[in-house]
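Working notes for the structure below.
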């Protein structure tokens with residue numbers, strides 16, 4: 001799951017036990033992620049950073 005929303009995209013990925021990539025250029029900022037308690041597999045600043053991972 002690739003997404004920028006903690007409580008929808010990333011929560012669903014965590015609940016479904018699927019890999020997750022949090023994109024910080026959207027709704028969620030790093031400080032929000034740290035406070036949330038939601039775990040993600042990868043955190044990137046921009047969707048452009050995904051090309052390096054593929």
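Numbering (the working numbering), first residue to last: 1 to 54. Ideal Cβ positions, reconstructed from N, Cα and C, are used throughout, including at glycine.
{"Item": "From the DSSP output, which residues share a beta bridge with residue 43?", "Value": "22"}
{"Item": "Taking the straight line between their C-alpha atoms, what separation do you get for residue 44 and residue 24?", "Value": "6 Å"}
{"Item": "Checking 9 Å against the spacing of the C-beta atoms, do residue 7 and residue 22 come in under that value?", "Value": "no"}
{"Item": "Within its chain, find whatever has a CB closer than 6 Å to the CB of residue 41; leave out the 5 residues flanking it on each side and keep chain order.", "Value": "19 and 20"}
{"Item": "Going by beta-carbon coordinates alone, are residue 3 and residue 10 separated by less than 9 Å?", "Value": "yes"}
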